[in-house]
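Numbering (full-length UniProt numbering), first residue to last: 1 to 291. Note sheet for the following structure.
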Amino acid sequence: MTAVTGAAGAVAYERCRTYADLVDRVRAGGLGPDPATQRIAVAFTTRQAVRHDGRGTGYRNEVLSLRLAEAVGSCAVEPGSLPDSALDDCVGADVARLLEHPLLPMRVAALDAYLMHVTPHSPESGARPVPLPTGSSLEKSRVRAKAVAELIDLPPGATVLVIGVVNSLLEALRACGLQYVPCDLKGGVTEWGEPVVTDALAAADRCDALLVSGMTLGNGTFEPLRRHAQQHDKQLVMFAQTGSAVLPRFLGHGVSAVCAEPYPFFWLDGGAGVVHRYRGPYDNSCQGGHI
């Protein structure tokens, strides 16, 4: 564990070397109240289908969210993959019990809710808010994508492995003069007909940095990617609706920056919103790109 100093000079929280280390610390009550005393009051899923105006393809999302006091923790899942009993398993359950649940997305959402409760996104914990304007889902998506792309410190012409294909992020990377390799477990092609690879670690060897969705927490692929970035001294930038309170804990231990977006997400309504950026040892070099 590593102590982190916030913007005002006070120690905000401790960062962890591995995901298992973080979970063990939470279980032991090392980061806040005993998780056995913290009960989930509300559990819900959010299902979305979208096709932005002017785009040729669409997609679907499903997110499991758990409410702990004032905090909401979330984990994206493959649409339709959660059993009908999932919400009943969560409501009234304590966090300690949910951290032992057989379904990984349940464990991730519970961990996210707990950490959001004990350490919400704030300047004291190193977060810097970036406002999202009112507007269409595509307009808000592009502003969020710019906020994410600015966290990558690479010269034009470098190549980024993008795990979790989001078309607005690919646009933002092109605006920064960066090349990319799109990667997603589902494969297929991007909006512009570019092939989407499915083996992230195989593609990582030929890329200069990794831009990774928090969904990798929920499917168990985050730790191998974190280790790759750490072992090869590559930037690993996370964009996180899943695990937005979890991923900042790994800054300096493989993760170089995080764009955290807790519930409610930008695509839920047309009103103003906010994402929270955390930076590790790298500064961004893509300033003023137009998307």
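Note that beta-carbon positions come from the ideal geometry of N, C-alpha and C, so glycine has one too.
Note: Met238 is bridge-paired with Val212, Val258 in the DSSP secondary-structure output. Note that the C-beta distance between Arg15 and Leu151 is not below 8 Å. Per DSSP, reduced to three states, the secondary structure at Val63 is strand. Distance check between Ser85 and each of Asp153, Leu115, Pro224, Ala43 places Ala43 closest, using alpha-carbon atoms only.
Here Leu169 has Ala145, Val148, Ala149, Val162, Leu211, Phe239 as same chain residues with Cβ atoms under 8 Å from its own Cβ, once five neighbours each way along the sequence are excluded. Per DSSP, Val26 is one residue of the alpha helix (DSSP H) stretching across 19-27. Counted as a single uninterrupted DSSP element, the alpha helix (DSSP H) harbouring Tyr114 occupies residues 104-118.
By the C-beta density criterion, Ala260 is buried, having at least 16 other C-beta atoms within 10 angstroms. Excluding its 5 nearest sequence neighbours in each direction, Val143 has C-beta neighbours in its own chain below 7 Å: Leu132, Pro133, listed in chain order. According to the DSSP secondary-structure assignment, Tyr180 is paired through a beta bridge with Val160. A residue is called buried when at least 16 other Cβ atoms come within 10 angstroms of its Cβ; Thr216 meets this threshold and is buried. Three or more Cβ pairs closer than 8 Å define a contact, and the segment 23-32 falls short of that threshold against the segment 251-269. Distance from Leu154 to Ala209 at the Cβ level is roughly 6 Å; contact confirmed, criterion being Cβ atoms closer than 8 Å. Boundaries of the alpha helix (DSSP H) around His228: 222-231. A distance below 8 Å separates the beta carbons of Arg27 and Leu99. In chain order, Ile163, Cys183 place their CB closer than 6 Å to the CB of Ala200, counting only its own chain and leaving out the 5 sequence neighbours on each side. Within the same chain, and ignoring the five residues on either side of Gly80 in sequence, the residues whose Cβ sits closer than 8 Å to its Cβ are Glu62.
Its Cα nearest to that of Ser256, the residue Val237 stands out among Leu247, Thr37, Val237. Nearest to Pro195 by alpha-carbon distance, out of Ser125, Ala202, Val181, is Val181.
If you compare the alpha carbons of Ser137, Ser122, Val108, His121 with that of Gly270, the shortest gap goes to Ser137.
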